[in-house]
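Quick note, the sequences are listed as chains U and A, same order. Residue 7 is where the first sequence starts when you use this note's numbering, and the numbers rise one by one after that. Residue 1110 is where the second sequence starts when you use this note's numbering, and the numbers rise one by one after that. Here a beta-carbon is modelled for each residue, glycine too, at the ideal position from N, C-alpha and C.
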Amino acid sequence: MKEEIDVLEKTVSSDYKYGFVTDIETDVVPKGLNEDVIRLISHKKNEPEWLLQWRLKAYRHWLKMEEPTWPNVHYPKIDFQDIIYYAAPKKKPQLSSMDEVDPELRKTFDKLGISLSEQKRLTGVAVDVVMDSVSVATSFREQLAGIGVIFCSMSEAIQHHPDLVKKYLGSVVPMTDNYFSALNAAVFTDGSFCFIPKGVRCPMELSTYFRINTEGSGQFERTLIVAEDDAYVSYLEGCTAPMRDENQLHAAVVELVAMNRSEIKYSTVQNWYPGDAEGKGGVFNFVTKRGICQGERSKISWTQVETGSAITWKYPSVILRGDHSIGEFYSVALTNHFQQADTGTKMIHLGKNTRSRIVSKGISAGKSNNSYRGLVRVSKHAGNARNYSQCDSLLLGDKCGAHTFPYIESKNRTSIIEHEATTSKIGEDQLFYCLQRGIDAETAVALIVTGFAREVMNQLPMEFAVEAQKLLAISLEGSVG
Amino acid sequence: MHMLKIEDLHASVEGREILRGINLEVKAGEMHAIMGPNGSGKSTLASVLAGRQDYEVTRGSVTFRGKDMLEMSPEDRAREGLFLAFQYPVEIPGVSTTNFVKTALNEKRKYHGQEPMDAAAFLKLMKEKMKLVEIDRSLLTRSINEGFSGGEKKRNEIFQMAMLEPDLAILDETDSGLDIDALRIVANGVNKLRNQQRAVIVITHYQRLLDYLQPDVVHVLLNGRIVKTGTKELALELEEKGYDFIKDEVSITA
Chain U
7 MKEEIDVLEK
17 TVSSDYKYGF
27 VTDIETDVVP
37 KGLNEDVIRL
47 ISHKKNEPEW
57 LLQWRLKAYR
67 HWLKMEEPTW
77 PNVHYPKIDF
87 QDIIYYAAPK
97 KKPQLSSMDE
107 VDPELRKTFD
117 KLGISLSEQK
127 RLTGVAVDVV
137 MDSVSVATSF
147 REQLAGIGVI
157 FCSMSEAIQH
167 HPDLVKKYLG
177 SVVPMTDNYF
187 SALNAAVFTD
197 GSFCFIPKGV
207 RCPMELSTYF
217 RINTEGSGQF
227 ERTLIVAEDD
237 AYVSYLEGCT
247 APMRDENQLH
257 AAVVELVAMN
267 RSEIKYSTVQ
277 NWYPGDAEGK
287 GGVFNFVTKR
297 GICQGERSKI
307 SWTQVETGSA
317 ITWKYPSVIL
327 RGDHSIGEFY
337 SVALTNHFQQ
347 ADTGTKMIHL
357 GKNTRSRIVS
367 KGISAGKSNN
377 SYRGLVRVSK
387 HAGNARNYSQ
397 CDSLLLGDKC
407 GAHTFPYIES
417 KNRTSIIEHE
427 ATTSKIGEDQ
437 LFYCLQRGID
447 AETAVALIVT
457 GFAREVMNQL
467 PMEFAVEAQK
477 LLAISLEGSV
487 G
Chain A
1110 MHMLKIEDLH
1120 ASVEGREILR
1130 GINLEVKAGE
1140 MHAIMGPNGS
1150 GKSTLASVLA
1160 GRQDYEVTRG
1170 SVTFRGKDML
1180 EMSPEDRARE
1190 GLFLAFQYPV
1200 EIPGVSTTNF
1210 VKTALNEKRK
1220 YHGQEPMDAA
1230 AFLKLMKEKM
1240 KLVEIDRSLL
1250 TRSINEGFSG
1260 GEKKRNEIFQ
1270 MAMLEPDLAI
1280 LDETDSGLDI
1290 DALRIVANGV
1300 NKLRNQQRAV
1310 IVITHYQRLL
1320 DYLQPDVVHV
1330 LLNGRIVKTG
1340 TKELALELEE
1350 KGYDFIKDEV
1360 SITA
């Protein structure tokens, strides 16, 4: 047993390979938060008056709120006056082609392994890139516009499609929803906006990459995706940050609206800087993601692969309002070193014959703590609602923790709710079996972990599944020797 | 030239000595059977040779293809051409046999300075070996050993052996838990994998597997030592008279 633990311990200590800083001129609003800062952000973004008022209302509400303490995570108190709320690359951009992007920025994205160039045409992925606070480039815009799909930064949407933004912004996550969503509403700077009109199946994956670059800055993006009747879209977001000693705050809000018979598939590969092996630095990832199945037979599916952040606090949820609507949540959360994750989902069944499915795979290594927290709520009117939840935890070594907090509330006697949970360790027998076949311990652990996460990985779009699989392996490098 | 040479091998588990001076020489092309009652040290010998950590070698040497095997890590022993067919193959959920074997094969190729095998060549090799050991394609796409019957597990081990083409294969109680049909299929597979370059050590409690395998040499292991070596007739004699007859014989000569 002891040797097994020694062996496992060594595998968990790799370097974060996205930890570089890009040297670009940045337009920064001084640290601190007050109404003037919010007015300045709104002014810089040339926003309509209603939006400024919306932000201010959110800010005033936030001032009265308390930071939540219920998650199973521990961190020093955040000084909200010590954060930069607006940082934008200076050469700002109304770019028509990806070739016009700042070369330094291009280099950054090359390092990240996302080729921003029009090569993406081959893979059929449209990309929006958000650096610090501002969206810097969106590819394929014209082609998408041809079929009526709007895919642009939130800032541009506010300028060019104000009615749509006004109609849906805050309709799923109200500005007063929670502490971090209220903060986001007050200071959000950019994000992505997607609108898929009636009957259109978006022909390519839409993708956004988020990157925090400027020191001391927070990232507060806001994403809104609307699928009208019979529309379909698959959307992916990726996230990275430079290595820094201090913690950086990321408090995003994502809202999804699915109308009759439409489907939104939202996939995340989250790899914010997790801090070093001693637990220093890393991103605080406090995110509110929620979708509403507004129409009948609509479907929202969340898939997330979470390997980064010092602290993750996020519960992508689905409100199943339309009859026969479907909500899904597939999650792999891997924590190593001193990382803490408290993540899960909420499935709120309001409509009849609604169905939800939750598959959560938690992997804990090093001295990390990994919690699944999920709520399944079936209302009085949600006849024949069904839920199936499966929460599996895999432990590497004996210094990490896995926790499960499932909450079930059912007010309808015709509903069926199932919950299964397992906890396992990578066994000495499994490891030896691999070694005997010539597979070294590190590769063996990656193989076993990937196998454990298979069901979720299979939900990712093909090209991102490969990336996510590599990420899992990298995140565990050095945990076995 | 010996493929495997074991000299005066002593090994213990948690301070308890299990192997007490094993001597064994195996040449390429040979098949040796090691028989013995429960607790005689058969499986310990297999584990020590494969390099399992819980076993401590206290004395003696093992030379494999001219190299000091005890100095090598378990994975390097495998890459050098040692294969152990496990008595209890473990499950790895979510990892298909195909994926597992591909990883193993490419690790071995890397060790020998070769490029990874491309998908087409791998598929071709797999088809060929599947036929050889009579294993169904559907089994290989499932999570390895998960929900497999006893026979399927053992057949899967032999399939892996076929794919990895070891110089020395140790079959640890491969016959345990098999009905007669499964036993025949597994034995057929092993027979087809015998050749002039490959040595096989069959560890078994019962003679019945040897009906199908025809070993060149049969050893009897008792209390951590090889106490008798003979031809396959020795196995038949054991079957007939039981291990007590050897015990009596050994105590008389001792």
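- A distance of 8 Å or more separates the beta carbons of arginine 1307/A and aspartate 1281/A.
- Scanning Leu46/U, Gly38/U, Ala264/U and Ala316/U for the CA closest to the CA of isoleucine 90/U turns up Gly38/U.
- Annotation for leucine 170/U: no beta strand (DSSP E) segment contains it, though the alpha helix (DSSP H) segment containing it runs 168-174.
- Close to glutamine 1269/A, with beta-carbon spacing below 9 Å, are these residues of chain U in chain order: Arg443.
- For asparagine 277/U, there is no enclosing beta strand (DSSP E), as DSSP gives it neither H nor E.
- A distance below 8 Å separates the beta carbons of tyrosine 413/U and glycine 380/U.
- Segment contact: the segment 224-237 of chain U against the segment 195-208 of chain U, three or more CB-CB distances shorter than 8 Å; contact assigned.
- At a Cβ-Cβ threshold of 8 Å, glycine 1333/A and glycine 1124/A do not count as neighbours.
- For the segment 1163-1178 of chain A, the set of positions with a beta-carbon nearer than 9 Å to some beta-carbon of chain U reads Asp1163 in chain order.
- In this model, glutamine 346/U and asparagine 375/U are separated by some 5 Å (Cα to Cα).
- Residue contact with chain A for aspartate 435/U: present (Cβ-Cβ distance below 8 Å to some residue of chain A).
- Taking 8 Å as the cut-off, the beta carbon of serine 362/U is found no closer than this to the beta carbon of serine 304/U.
- As the crow flies, the alpha-carbon of isoleucine 480/U is around 12 Å from that of valine 455/U.
- Exclusion of the five residues before and after isoleucine 164/U leaves Lys51, Glu53, Pro54, Leu57 and Val171 as the residues of its chain whose Cβ lies within less than 8 Å of its Cβ.
- Relative to the Cα of phenylalanine 194/U, the nearest Cα in the group Ile325/U, Leu230/U, Ala452/U and Gln442/U belongs to Leu230/U.
- Valine 1309/A: member of the beta strand (DSSP E) spanning 1308-1313, first to last residue.
- The beta-carbon separation of isoleucine 1289/A and leucine 1158/A, rounded to 29 Å, does not stay under the 8 Å limit for a contact.
- Here the segment 282-290 of chain U makes contact with the segment 306-318 of chain U; the two share three or more CB pairs at distances below 8 Å.
- When DSSP states are grouped into helix, strand and coil, valine 79/U belongs to the coil group.
- Taking a beta-carbon distance threshold of 8 Å, threonine 195/U does not count as an interface residue toward chain A.
- Annotated as proximal: valine 462/U and valine 365/U, with beta-carbon spacing under 8 Å.
- Across the structure, proline 1324/A and proline 1198/A are spaced so that their CA atoms are roughly 24 Å apart.
- Beta-bridge partners of leucine 1193/A (DSSP): Ile1279/A.
- DSSP places serine 1156/A inside the alpha helix (DSSP H), whose first and last residues are 1151-1159.
- The segment 329-347 of chain U and the segment 432-452 of chain U do not touch, with fewer than 3 CB-CB distances between them shorter than 8 Å.
- A distance below 6 Å between beta-carbons, with the five flanking residues on each side excluded, links isoleucine 1244/A to the following residues of its chain, in chain order: Arg1264 and Phe1268.
- Per the Cβ contact rule, the segment 1292-1306 of chain A is not in contact with the segment 1218-1233 of chain A (fewer than 3 Cβ pairs under 8 Å).
- The beta-carbon separation of threonine 1172/A and lysine 1114/A, rounded to 4 Å, stays under the 8 Å limit for a contact.
- The secondary-structure analysis by DSSP pairs serine 416/U across a beta bridge with Val384/U.
- Residue-level contact check: leucine 1234/A does not touch chain U, since none of the beta carbons of chain U fall below 8 Å from its beta carbon.
- DSSP places histidine 1141/A in the strand class (E or B) of the three-state scheme.
- Counting along the chain, the unbroken beta strand (DSSP E) around glutamine 396/U starts and ends at 392-401.
- Contact between leucine 402/U and isoleucine 432/U holds: CB atoms are separated by about 6 Å, below the 8 Å threshold.
- Taken atom to atom, the span from the alpha-carbon of serine 1121/A to that of glutamate 1165/A is near 5 Å.
- In the structure shown, proline 1183/A falls within a helical segment according to DSSP collapsed to helix, strand and coil.
- For glutamine 442/U, the enclosing alpha helix (DSSP H) stretches over residues 434-442.
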